[in-house]
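Everything below concerns the one structure shown next.
There are 2 protein chains.
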Amino acid sequence: MSDAKALTAKAAELGKLAVRMTTAAGSGHPSSALSLAHLVTHLMYEKMRYDPADPWSLAADRLVLSEGHAVPMVYAAYADLGGAIGRDPARARPLTPDDVDTLRENASELDGHPNPAEGFPFFDAATGSLGMGLSVAAGLALAARLDNGPRQVYCLIGDGEAREGQIWEAFDFVVDHGLTTVCAILNANGEGQAADVSAQQSAEALAAKARAFGWDVVEIDGHDPAAVKQALEDFPRPDKPLAIVARTIKGWGVDGLQNGNWHGKPLPKSELDTAYASLDRAKAGVDTETFAAKPTAPASLTVERRDPREVEWDGLAAAAHEYGLGGAFDKGKLATRRAYGVALAEAGKHVPQLVVLDGDVSNSTFTNIFAKAHSTRFFECKIAEQNMVSTAAGFAAAGFIPFANSFGKFLARAYDQIELAAISRANVKLVGSHSGISLAADGPSQMSVADVAFFRSFATARADDRESPVCWTFQPADAFAAYACTRQMLALRGMCYMRTHRPDVPMIYDAETTFEPRGLHTHGTGTDLAIITAGFMVHVAREAMALLEKQGIRATLVDLYCLPTDAARLREVMARTGRALVVEDNYGGGLAAEVAGIATMGNPFRVSALHVTRIPKSARSEEAILEQCGVGARQIADHARSLLASTV
Amino acid sequence: MSDAKALTAKAAELGKLAVRMTTAAGSGHPSSALSLAHLVTHLMYEKMRYDPADPWSLAADRLVLSEGHAVPMVYAAYADLGGAIGRDPARARPLTPDDVDTLRENASELDGHPNPAEGFPFFDAATGSLGMGLSVAAGLALAARLDNGPRQVYCLIGDGEAREGQIWEAFDFVVDHGLTTVCAILNANGEGQAADVSAQQSAEALAAKARAFGWDVVEIDGHDPAAVKQALEDFPRPDKPLAIVARTIKGWGVDGLQNGNWHGKPLPKSELDTAYASLDRAKAGVDTETFAAKPTAPASLTVERRDPREVEWDGLAAAAHEYGLGGAFDKGKLATRRAYGVALAEAGKHVPQLVVLDGDVSNSTFTNIFAKAHSTRFFECKIAEQNMVSTAAGFAAAGFIPFANSFGKFLARAYDQIELAAISRANVKLVGSHSGISLAADGPSQMSVADVAFFRSFATARADDRESPVCWTFQPADAFAAYACTRQMLALRGMCYMRTHRPDVPMIYDAETTFEPRGLHTHGTGTDLAIITAGFMVHVAREAMALLEKQGIRATLVDLYCLPTDAARLREVMARTGRALVVEDNYGGGLAAEVAGIATMGNPFRVSALHVTRIPKSARSEEAILEQCGVGARQIADHARSLLASTV
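Given below as structure tokens:
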């Protein structure tokens, strides 16, 4: 009995499970799953070094299923191996073959697409929105390098999926960082959802591209066990990462799934027996039991992590001096982005699992301060924000705390990746600099004005059993706030977004001011109205308050530096002032939505809002662009006055 | 006097203008601009067939400056040529060399990055968020093909920028569609913002990649006029699109800009004379006047366009029967996505400039109905949503009305591209299917739950002097609504987003129901409370109303199918009911934010909101997932009851 025949028999047997579970679920992608039959069988039983009972091990090899819809084949293998499922090791149990019939049930750990957060820890990141997996794999591989671990990472990518540009961003990134422990396996089954894949994604084209991107490439028949085995025997190679282009058949082993378009369609129950018979024919009379391969566990690994809540830090003053911003600090004016850079560098001294990623703008985001201090934990991602964010998700899966950085505007490039990281409950921190409109001269293509609305929507939902929101948003107004909020982001478990600004601003807080999740700060005690704002606009609102004060109008300024905020505390302020004016340097849907939502709970308050009401353009000064967009200091003061004069 | 020397003299003279304008502005990217000196000079004076006085001509060749920050070189050439600026031909005037000193001023047409909407019609789309230009170029080229026009399209791409995956999505797309009239010019100056570009973006690497993607490639010295000319003489080629990889020097001609990192930094005023002297040396004593080249206008072009507001359409009943959905229609149950597909096909008969783009999911979005009826105006973009959206922006710039389609979730992949299209004031329509959570089984990686918050933020700002919002959002509840909203989207000028749903739903409207921008529909006249919702949730809310009615509670249901809505009408309803409950199948920040904002204007109303409050997962039925996320019919009814019982 050759190994090859035994492996095929096993692959066919697993194929039955894949077919069975999608039919039970009434949906899913059996034909895509079957195209991976041999590849998954060889990887999960023979090649990968892991213990199915301990998928949490940081020493273990990993499989990233980028084409997430093909997941039934992985579920089938994992069920056969009795792999551990559950949200954490304390609540784990082995998956059984009969469990597969729960696929896609609301209570099942077997989600429609890979999702570690619902109890399938064999995976590291949610996939299913396509093209993200190789970036996750790169993050996992970099993490292993920092941990001095033996981990190797396999990534299965669909041919149609390889049309997503992010795949090629990851191909570049893997070469830049010499990640020879990453193996990309391109599953060339030739069929997409609506039609065949383009000739641009043929096996030949994919191989040519991978070579042009600097990878070693092997082309094989993905259903020839000997070829699969030999291609992977050669991995990892010393000099280059390896891409395997595997020609496969969508619906392999099941005749009925190979004619017509079966993408995303399960077989009707009535056709199951025929399908099983077809897969039995593929076994060619070989007993599945002759395939006795089992994965073996790697040696254990000791890694260095520290609880960020338990480390001692220097304050901003000392850190600013240490990292070359002492002069600016002493003058009392420092942009939030600079203070953030200092905070990262200081944190890096105490939190070994802190890593920083940047997209060729580290001299704008000031992550270059961290890069200089901790060069081995700084990762230059170049101009490819999608890959950067998914790589960060990979890092997070390995227990690191990644901060991913770009202009706030350019993080919008990765909103889909950010959402998949949120679905994974990845502990990823995102920091967008030059946010809002205060960067002025560069114009709207560089300005983030929908970011607060987008991230706030994630503040309205919970990350499961935790009370924390899916994502926290921080908008620090000065250097002390930025420094403290960075510390909060490190301490919080889960996704956080911070919005820093370009201009240097005076300090309005000090080293004693605390910035808690859901916190807010008030300035002044005026009872005529509350002016509620955050970030850079705190300074503009202070100007407006000074103008109002000259006219005898006394406001309370609320710095709502965190979303979600404390509704009760905000309602206390509104109860004192009766009226509220929200001011923000972005389109609506951010602070104003938060405040209006809170104002309409219980006995409602009247709220007025000033936000950016036109598409911005360039201006040479902050004042000019604020004025043009309707949120200048004088406009705020004028609006406040008319609000108080109105009787409606 | 050789042509080459004269061109270099001209390039140097234009270089002075580029340096001058960035110094006057106090910001900008002179060194990037100078790296394009010869390329831009040859293109804009010799190669391109256009009339600088008529940049609106649909026959003219186009230049897409994907690396938008290098724009001062284009401004310099256009000023020297006296090109027309202004928001429309009626208000146009020629740009003069002295105008360049207004660069980046708030009132200037010369925005910090390319932006046609602020009065620079030589450009077709806002660029500056990197990697989008080649996709725009592809859209312009496809439009020219449909128009039977002679247009050729040049796209200048930075080497560092070529790290963005979207560039390679566009390389694929151009080949798929045989767009040999597109020329990609890769500007390999070797320097990025924070550091040198990666070896993965070296001239050699870019050339190898472009070849692997199926393009003809020529490598040249981008400062050798003869080489530039010869490379472009050969364009267009009959079989393949042409990529030119041009080695250039960042800061060409100005010694002072070539040492150290000058990315994004203008010269101080004090160094201008030295820079001019340096550029004079580059002229090598050749008089700029010897370069007498001027672009020549192409023949005029007649194109077919019809005002969508003035065409007659068949109603849904007739169209559904015509396009094969008559049976479902007659049964009274039809998903909004299906009715949308029918609407597109019907519209296609009457509006010749309607084009449809889809990302390999046309059998899910039902744009395959349009594809079958109007195959020459359907564009398969494969799994590359970023390229799809920017291609649509290119189509829009040429007067077409593109509908770009995918799952709502996957459009998030292109939110940055969508925002750049909005900045361009592009008449792009976006339709996301399978939105919200009602698709159930496939799980959260396929569900759009932050989309309404994102797009609503664009509803809070105006597209300039127009009263219309930057983007309209439509959420049709049934087939009649989807059919009518599609018609509205066609009629409205500017960006629109429609959210369709997976499940078949009963029809609650009829052919006589109208769906106006800012409109809403009420169901019932109960005064106990208002239940405000939209889209699929209208049906769930109707179930909840039936449950409440059994308990003697009478509500008014508000179908808020359009954002922004009519605040006065919504306040009328709330005045009648006193209390309001908003229900939506997405995270907060969408409908609830709209309603709370309106409720807090003037005398405020109390509003309660039910939205998705946890990250969704798979479920086998709509009911199960709605229940898990807190928005099932019974939960709505229970919440309404407790709301009425509460005295606070």
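Taken in order, these protein sequences are the chains called A and B.
The numbers in the numbering used here rise by one with no breaks, and the one at position 262 of the first sequence is 392.
The numbers in the numbering used here rise by one with no breaks, and the one at position 96 of the second sequence is 226.
Idealized CB from N, CA, C, for every residue including glycine.
What is the residue span of the alpha helix (DSSP H) that V304 of chain B lies within? G295 to D306
With the cut-off set at 7 Å, would you say D634 of chain B and K463 of chain B are in Cβ contact? yes
If you scan the region 730-777 of chain B from start to end, which runs of the beta strand (DSSP E) of 3 or more residues do you find wholly inside it? 736-740
Along the chain, which unbroken stretches of the alpha helix (DSSP H) at least 4 residues long are found entirely within the region 538-596 of chain A? 538-541, 545-553 and 581-589
Pick helix, strand or coil for M131 of chain A, following the three-state DSSP scheme. Its pLDDT being 46, under 50, M131 of chain A is placed unreliably by the model, and nothing is read from it.
Assign V384 of chain B to one of three DSSP states: helix, strand, or coil. coil
How about A148 of chain A and A163 of chain A: are their beta carbons less than 7 Å apart? yes
Let me confirm a value: K461 of chain A is counted as buried when at least 16 other C-beta atoms fall within 10 Å, else exposed. Which label applies? exposed
Under the three-state DSSP convention, the category F509 of chain B falls into: strand
Run through chain B and tell me which residues come within less than 9 Å of Q765 of chain A, C-beta to C-beta. The premise fails here: Q765 of chain A is roughly 15 Å from chain B at the closest Cβ pair, so nothing lies under 9 Å.
Residue from B:F533, B:G762, B:T657 and B:L270 with nearest C-alpha to A477 of chain B: B:F533
Among the candidates B:D594, B:L474, B:V358 and B:E401, whose CA atom is the shortest distance from the CA of C313 of chain B? B:V358
Run down chain A in chain order and give the residues with a C-beta less than 9 Å from the C-beta of E299 of chain B. R293, E294, G295 and W298
Once you ignore the five residues that flank A649 of chain B on each side, which residues in its own chain have a CB closer than 6 Å to its CB? Sequence inspection shows Gly at residue 649 of chain B; the Ala mentioned does not correspond to that position. For G649 of chain B, where only same-chain residues beyond five positions count, the Cβ hits under 6 Å are C692.
Taking only three categories from DSSP, how would you classify R223 of chain A? strand
Looking at chain A, which residues of the region 652-680 of chain B have a Cβ within less than 8 Å of any of its Cβ atoms? none
Best match in B:P355, B:L362 and B:A373 for proximity to A292 of chain B [C-alpha to C-alpha]: B:A373
Since R234 of chain A meets chain B, which of its residues come closer than 7 Å, beta carbon to beta carbon? A571, S748 and R750
With a threshold of 7 Å between beta-carbons, can L260 of chain B be considered close to chain A, or not? yes
Could you pull the start and end residues of the alpha helix (DSSP H) that D460 of chain A belongs to? G456 to K461
Nearest CA to the CA of L316 of chain B: which residue from B:G213, B:D229, B:A200 and B:R217? B:A200
Using a threshold of 7 Å, state whether the C-beta atoms of P202 of chain A and G242 of chain A are closer than that. no
Please state whether DSSP places P606 of chain A in a helix, a strand or coil. coil
Along chain B, in chain order, which residues have C-beta atoms closer than 7 Å to that of E248 of chain A? K747
Delimiting residues of the beta strand (DSSP E) encompassing R701 of chain A: No beta strand (DSSP E) contains R701 of chain A, which is instead part of the alpha helix (DSSP H) from A697 to T707.
Quick one: which residues of the region 457-486 of chain A get their C-beta closer than 9 Å to a C-beta of chain B? List them in chain order. none
Going by CA-CA distance only, name the one from A:F508, A:P246 and A:Q483 that's closest to E434 of chain A. A:Q483
Q576 of chain A versus chain B: which residues are under 8 Å apart at the beta carbon? G242, H243, G258 and S259
Contact under 7 Å by Cβ, A207 of chain B with W382 of chain B: no
Please confirm if P734 of chain B has its CB atom under 7 Å from at least one CB of chain A. yes
Going along the chain, which residues of the region 496-508 of chain B sit with their C-beta nearer than 8 Å to a C-beta in chain A? N498
If you reduce the DSSP assignment to three classes, tell me which class F533 of chain A lands in. strand
Could you check if D210 of chain A is buried or exposed, using at least 16 other CB atoms within 10 Å of its CB as the buried criterion? buried
Alpha-carbon to alpha-carbon, G145 of chain A and A136 of chain A: 14 Å
is_contact[N389 of chain A, chain B] using C-beta, thresh 7 Å: no
With 16 other CB atoms within 10 Å as the buried threshold, where does Q681 of chain A fall? exposed
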